[in-house]
Structures are given as C-alpha cells and as structure tokens.
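2 protein chains.
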Amino acid sequence: MPDSPSFETLSVEPVSTVDRVVEELRRALFEGDLEPGTPLREVALAGSLGVSRSTVREAVGMLVADGLVDRIPNKGTSVHALTADGIRDICRARLVLETAGVDGWADASDEARDVVRAANAAYGRLVRTKASAQELTAAHLEIHRSLTALTGSPRLIAMSETLYAEIRLALAHLDRARGNTREQAHAHSDLLELLEAGRLTEARASLVEHLAGAERSLLESVDP
Amino acid sequence: MPDSPSFETLSVEPVSTVDRVVEELRRALFEGDLEPGTPLREVALAGSLGVSRSTVREAVGMLVADGLVDRIPNKGTSVHALTADGIRDICRARLVLETAGVDGWADASDEARDVVRAANAAYGRLVRTKASAQELTAAHLEIHRSLTALTGSPRLIAMSETLYAEIRLALAHLDRARGNTREQAHAHSDLLELLEAGRLTEARASLVEHLAGAERSLLESVDP
DNA sequence: GATTGACTGATTGTCGGACAATCTCAGTGT
DNA sequence: ACACTGAGATTGTCCGACAATCAGTCAATC
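Those protein sequence lines, which keep their order, are chains A and B.
Count the first sequence with the working numbering and you get residues 1 to 224, in order.
Count the second sequence with the working numbering and you get residues 1001 to 1224, in order.
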C-alpha cells in the first residue's frame, strides 16, 4: 500500500434543510423580492417552501439574529426596514471596523492584503463588463469586507458581515444611484494605492470620505 | 378625570418561555455551573427545565448565535470552550471597539459619559465591600461596555456585548487571578481621570496597556 | 493485527398535528 | 364618541413520531 495519503483538501458540507431555507430567504431578500416591512408568515412560507413550520421558524430566527428580519413578540416577523438613524449607525460602525483594518495594513498578513487587491480588481472588472446591480454591490461590499479582514480578527469580520448584510438589504431596493459606480471604483483604487504606498493617514482620510459619500447615498433610499 | 398621567416608567416585559430558558442557561453558564465543553443534551435539558424539546432547541440556538455555545451538526451542542487564539481575537476586537469609544469621548453625549463615571464608581464600591467574584466581573465588564457605549452606536454596543459575554464565560472558571482587582480599579480610575482631563492619547495608551494585562490574565485560564 | 463491515443505542434534524394565548379588526351596544 | 364583544388569524408552545447521523462494540476478513 502506498503510504496513507492525507486527504486534507477534501470536505463535504452537510447542508441541512434549515440552511437551505435560510439561504433561499437571504437570496430573496438581497434580490429585492421581498419589500422591507413585508410580514413573513410562518405557515405561508412553510407551504411555499415545502418544509415544516418548525423549520421555517428556526430559519427565520437566524435571520432575526442577523438583523435582516425584525420580530415583534406575538405579532410576527417582517423584513427589516432600515431607518435613517439605522443607516447612520451602520455607517458609524463600519467606519470603526474598516478604519481598524486600514490602520493595520502594515501589520496585516500577506494573504489579507492580497484579498484586498483581488477584491478591488474583481470590482473593476465587473464595472467594465456592466454586471448586474446585485453582482456589483456584492463585489463592492466584498472590498470593504476585505478591509475589515485586514485586522485578521474572525470576530470583527463576523461583525462587519452583519453590517454588510443590512446594507445589501437596503441597497436591494435602490437600483438608481448606480451612476456613481465608476467614481466608487476610482475611490477604491485610490485607497489601495495609498495603502500600497504606505501613506496610512491619507488612506484613512480617503476611507472616511468614501464612507461619508456612501452614507449620503444610502440615506437617499429611505428619505426620498 | 384628573389629567392623564404619563406612565412612562411602566412596562411589562412579555417574557416568553424561550426567554426564560435562555436566561436560566446564561445564568448557569456565567456562574460556572456548566464546565466548558459540557454537552447540552436537548432531552435532558427539556426534562430538568420542564419545557418541551422544541423550546430548548430554540433557546440553545440563540446561545449558539451569541457564541456562548458551540454546535456541531448532527453531533450536538456544548458549552463554548475558549482557545488561546480565541482569547487573543476577543481582546483584539474589544481593543478596536473600546478605543473607538475612548477616541469619541469628546463627542459623546453627557449621558454616555455619566454612565462611564457611574460604572467606575460602582466598581470601586464593590471592590471595597468585598463583593462576590461574579458581581465584580459583571461590574468590571460594565465599565468596558460603557466605554464602547461612548460611540453612541447601538450596533457597536451589541457587538461588544457578545464579546463580554464570552469573556464572562471564560472568567466564570477562573476565580483565582482575583488578586489584581485593586490594581484594576486603579487602572480604570486612572483612565477616567485622563479622559476627564481631555488627555485622549494618554487615555488611549492607558487602555491599550490595561487590555494587554487583561489578555495575559485571560490566557492563564486556558494555558495553565 | 489492522481493516472492514455490520449491529446497536443515543442524539439530532425534521415533520405534522394540536391547542392556548394573543393580536387585529369589524361589529354591536350605549 | 366610547367601551365591549366576538370571530379569525397568527404566534408560542407542546407532544409524538421517524429518518439520518454518529459513537461505540464486535465479529469477519485479509
């Protein structure tokens, strides 16, 4: 027998029914199929998804924990509706997390830095090929996620992901304000250049400005 | 009719069975009744708590979302066991959140600053009266929570609370290392004095040092 | 002797049904 | 205009059931 191989690259993901339901609901939320404020009736969902109410309940509970769905006891759950205060809060929070990542650029691992570069390149590619709005926002948020990931902290990354999920939900119902994609691409590239050059304080300032712009754009989605 | 009173202070919390179970489990975790790694069997818990398995399942699911309990699919749940890497990660994350609060001292609301002062005072009082270890850790973590609360961001506060919950769980099984409570009280008071004096960079440095000490202390709990 | 395969018991994941508690809302009565 | 009432809908909780999965044990095989 040839000495036992390791099989370290192999893996099977045991995807449970609840996971599939969560995934399907997230997809529907991010694609804008479900308007914010829409009630999520357990029996109706169970019926159309072909699963039991218990399973739907558990899946919805996870989305509630993620902040994508609001629950009022004894009244039901509904698609999370973002307020202006909520947007301001999200932006303040992401500013904290992303600047933490930018400040740690020098101390970050090479892989983490490469992820930022790759995310930026992927976004630029999508802008040129005129991808769909959902793909663009996903790629855009991936850049910012990679910034937080510069900290190398799994918990900070997990926190930031809940923020991006909320943003993505808000952006799903805002297909306008897409005209600034090209400027945003420049903003990201500029930020990355500053980072590569080691000009951290300028990079930080660039990020602050970029996020302020994002906040304005998001606020338009709730305040017409 | 006498002109209608306000009743603003009144409220009834519609406490569901799941909430009570969650609360009871948290208590048990924080008091150290349950060793890290202890499996949480659904039927056993349902039996001793006098509720159905569904309810236990939902409650445990919430604790999993909070990071207090680990779940391995098809294998079960167990009390979260903190690794050395986990502690390092938590401390990095709390450093980011708490420094964000400290940096925002000047811009914070008066109430938020008062909360910090009150928390510090309450902690000092407990140290003098030789309170129990659990009370001390609770008061201690409340100080740090109030620091993050200086940001005024509900989401950042919520994030920090999950961190403190994990820390509290780790501390529940570390009744030694309590000798440094007096030094810690000084550290907090010093930090607060620097803040009051507006010497923010020094305050920040003080916090960094204090958190490094906390990390060392926590690491002892996993690495004997 | 190590590996494989089959059996067993325990536990989880999912299902369906059931029922009380609670909310909503229209309707009724005063 | 106001309070009460009742029906319908929905959630919260419980129960019982069963397949799928996992951790052992133990025999069979090479």
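Note that beta-carbon positions come from the ideal geometry of N, C-alpha and C, so glycine has one too.
Query - Beta-carbon proximity of residue 210 (chain A) to residue 192 (chain A), cut-off 8 Å - result: Going by beta carbons, residue 210 (chain A) and residue 192 (chain A) fall outside the 8 Å limit.
**Report entry** Nearest-angstrom Cα separation, counted from residue 1170 (chain B) out to residue 109 (chain A)
**Finding:** Each residue's CA atom was taken as its position, placing residue 109 (chain A) and residue 1170 (chain B) some 28 Å apart.
Query - residue 1066 (chain B) - containing alpha helix (DSSP H), residue span - result: Where residue 1066 (chain B) is concerned, the enclosing alpha helix (DSSP H) stretches over 1053 to 1066.
Query raised in the report: Mind checking whether residue 100 (chain A) and residue 1096 (chain B) have CB atoms under 8 Å apart?
Result: Taking 8 Å as the Cβ cut-off, residue 100 (chain A) and residue 1096 (chain B) qualify as a contacting pair.
**Report entry** Burial state of residue 155 (chain A) (16 or more Cβ within 10 Å)
**Finding:** The residue is buried, with at least 16 neighbouring Cβ atoms inside 10 Å.
Query raised in the report: Grouping DSSP H, G and I as helix and E and B as strand, with all else coil, what is residue 313 (chain A)?
Result: Examination of residue 313 (chain A) is not possible in this model, given that chain A is present from 1 through 224 alone.
Query raised in the report: My guess is that residue 1203 (chain B) and residue 1102 (chain B) are in contact by the Cβ rule of under 8 Å, so how many angstroms apart are they, rounded?
Result: Yes, residue 1203 (chain B) and residue 1102 (chain B) are in contact; Cβ-Cβ is about 6 Å, under 8 Å.
Query - Own chain partners of residue 1098 (chain B) with C-beta closer than 8 Å, once the 5 adjacent residues on each side are dropped - result: Hits under 8 Å: 1144, 1147, 1148, 1160, 1207 and 1211.
Query raised in the report: Are the beta-carbon atoms belonging to residue 56 (chain A) and residue 77 (chain A) less than 8 Å from one another?
Result: Taking 8 Å as the Cβ cut-off, residue 56 (chain A) and residue 77 (chain A) do not qualify as a contacting pair.
Query raised in the report: Among the residues of its own chain, which have a CB less than 6 Å from the CB of residue 18 (chain A), if the five just before and after it don't count?
Result: Its chain contains 55, 58 and 59 as the residues whose beta carbon lies nearer than 6 Å to that of residue 18 (chain A), once the 5 sequence neighbours on both sides are disregarded; these appear in chain order.
Query raised in the report: Around the Cβ of residue 1002 (chain B), are there at least 16 other Cβ atoms within 10 angstroms (buried) or fewer (exposed)?
Result: Note that residue 1002 (chain B) scores a pLDDT of 44, beneath 50, so its modelled location is shaky; the value from the coordinates is reported in the next line. Exposed: under 16 other Cβ atoms inside 10 Å.
Report task. For residue 154 (chain A), name the three-state secondary structure that DSSP assigns. Result -> Note: residue 154 (chain A) maps to helix in three-state DSSP.
Query raised in the report: If we call anything under 8 Å between Cβ atoms a contact, is residue 163 (chain A) one with residue 90 (chain A)?
Result: Remark: C-beta atoms of residue 163 (chain A) and residue 90 (chain A) approach each other more closely than 8 Å.
Query raised in the report: Does the stretch 1017 to 1034 of chain B come close enough to the stretch 19 to 27 of chain A that 3 or more CB-CB pairs lie under 8 Å?
Result: Result no; under three Cβ-Cβ pairs closer than 8 Å.
Query raised in the report: Buried or exposed: where does residue 15 (chain A) fall if 16 or more other Cβ atoms within 10 Å of its Cβ makes it buried?
Result: Residue 15 (chain A) is exposed by the Cβ-count criterion.
Query - Per-residue DSSP class, three states only, for residue 255 (chain A) - result: For chain A, the structure presents residues 1 to 224; residue 255 (chain A) sits outside this window and is missing.
Query - Test: residue 1090 (chain B) CB closer than 8 Å to a CB of chain A - result: True, the Cβ-Cβ gap to chain A drops below 8 Å.
**Report entry** With 16 other Cβ atoms within 10 Å as the buried cut-off, status of residue 1004 (chain B)
**Finding:** For residue 1004 (chain B), the predicted structure reports a pLDDT of 49, less than 50, and the residue's modelled location is therefore unreliable. The matter cannot be settled from this model.
**Report entry** Boundaries (first-last residue) of the alpha helix (DSSP H) holding residue 1030 (chain B)
**Finding:** Residue range 1017 to 1030 is occupied by the alpha helix (DSSP H) that includes residue 1030 (chain B).
Query - Cβ-based burial, residue 61 (chain A) [other Cβ within 10 Å; buried from 16] - result: Taking all protein chains shown into account, residue 61 (chain A) has 16 or more neighbouring C-beta atoms within 10 Å of its C-beta and is therefore buried.
Report task. Could you list which residues in chain A have their beta carbon closer than 8 Å to that of residue 1054 (chain B), in chain order? Result -> Those are 54, listed as they occur along chain A.
Query raised in the report: Among A:106, A:41, A:37 and A:157, which has the Cα closest to the Cα of residue 235 (chain A)?
Result: Because chain A spans 1 through 224 in this model, residue 235 (chain A) falls outside it and cannot be assessed.
Query raised in the report: Using 8 Å as the limit for Cβ to Cβ distance, is residue 1151 (chain B) near chain A?
Result: It does; some Cβ of chain A falls within 8 Å.
Query raised in the report: If we count the other Cβ atoms within 10 Å of its Cβ and call it buried at 16 or more, is residue 1116 (chain B) buried or exposed?
Result: By the Cβ-count criterion, residue 1116 (chain B) is buried, with 16 or more other Cβ atoms from all chains shown falling within 10 Å of its own Cβ.
Requested in this report: Tell whether a beta-carbon distance below 8 Å holds between residue 1087 (chain B) and residue 1219 (chain B).
Outcome: Closer than 8 Å, so yes.
**Report entry** Alpha carbon of residue 30 (chain A) to alpha carbon of residue 172 (chain A), nearest angstrom
**Finding:** Going by the C-alpha atoms only, they are around 6 Å apart.
Query - Chain-ordered chain B contacts of residue 58 (chain A) [CB-CB under 9 Å] - result: Per Cβ cutoff of 9 Å: 1057, 1058 and 1061.
**Report entry** C-alpha gap between residue 74 (chain A) and residue 1153 (chain B), whole angstroms
**Finding:** Between the alpha carbons of residue 74 (chain A) and residue 1153 (chain B) lies a distance of about 28 Å.
Query - Residues from the stretch 74 to 100 of chain A in contact with chain B, defined by Cβ distance under 8 Å - result: If the cut-off is 8 Å between Cβ atoms, the stretch 74 to 100 of chain A has 74, 89, 90, 92, 93, 96, 97 and 100 near chain B.
Requested in this report: Keeping to the same chain, check which residues put their C-beta closer than 7 Å to that of residue 34 (chain A); ignore five residues upstream and five downstream.
Outcome: Cβ within range, chain order: 28 and 79.
Query raised in the report: Which residues mark the beginning and the end of the alpha helix (DSSP H) in which residue 107 (chain A) is found?
Result: Boundaries for residue 107 (chain A): no alpha helix (DSSP H) harbours it, and the DSSP string shows neither H nor E there.
Query raised in the report: Between residue 1236 (chain B) and residue 1215 (chain B), what straight-line distance do the alpha-carbon atoms span, to the nearest angstrom?
Result: The first residue shown for chain B is 1001 and the last is 1224, placing residue 1236 (chain B) beyond what the model contains.
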